[in-house]
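Visitor:
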Amino acid sequence: MAWVFKAVHKEMNQTVALKMIRPEVRDDAKALERFEYTAKLQAKIKHPNIVFVYDFFKEEFSGATRHFLIEEFVDGSSLDNLIRKKNISAEKALQICREVLIGLEAAHKQGVVHR
325 MAWVFKAVHK EMNQTVALKM IRPEVRDDAK ALERFEYTAK LQAKIKHPNI
375 VFVYDFFKEE FSGATRHFLI EEFVDGSSLD NLIRKKNISA EKALQICREV
425 LIGLEAAHKQ GVVHR
């Protein structure tokens with residue numbers, strides 16, 4: 325649905341993740357609505373195990389509206405990659421899963437359900 329770029333927010337002098345809706349999706353009203361809705365929900369959750377949302381905005385470029393989301397940049401590999409490459413013990417994978425579940429619990433307490 326979106327490209328994710330590693331970027332530097334000049335005003336904050338901070339590395340961020342910049343999500344931008346892909347061109348093939350930008351005319352899909354439901355996808356755009358879901359992107360914006362998800363951004364707003366995620367921005368409500370303040371928890372160390374949930375990626376922080378700095379901003380969501382729309383800009384006009386060449387007659388088309390582009391949707392952007394600026395999030396906290398998290399450096400590292402996905403759990404799936406670590407497991408596939410066998411660079412992680414079962415204990416470490418379980419510890420990471422526990423942290424994910426703690427984040428999901430925080431989201432649920434805010435009325436947000438991950439799907």
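Read left to right, the sequence shown gives residues 325 to 439 (our numbering).
Virtual Cβ for every residue (Gly too), placed ideally from N, Cα, C.
Using C-beta distances below 6 Å, list every residue in its chain close to E423, excluding the 5 sequence neighbours before and after it, in chain order.
Guide: The answer, listed in chain order, is N373.
Visitor: Would you give the residue range spanned by the beta strand (DSSP E) that I394 belongs to?
Guide: First-last of the beta strand (DSSP E) with I394: 388-396.
Visitor: Would you list the one or two residues that DSSP bridges to E360?
Guide: Answer by DSSP bridge pairing: none, since E360 is not bridged.
Visitor: Mind pulling the alpha helix (DSSP H) runs of 4 or more residues that sit fully within the segment 325-376?
Guide: Runs found: 353-368.
Visitor: Helix, strand or coil, according to DSSP, for D379 in the structure here?
Guide: Of the three classes helix, strand and coil, the one that applies to D379 here is strand, per DSSP.
Visitor: Should the segment 410-421 be called in touch with the segment 355-370, which here means at least 3 C-beta pairs below 8 Å?
Guide: Touching, no, given that fewer than three Cβ pairs across the two stretches are closer than 8 Å.
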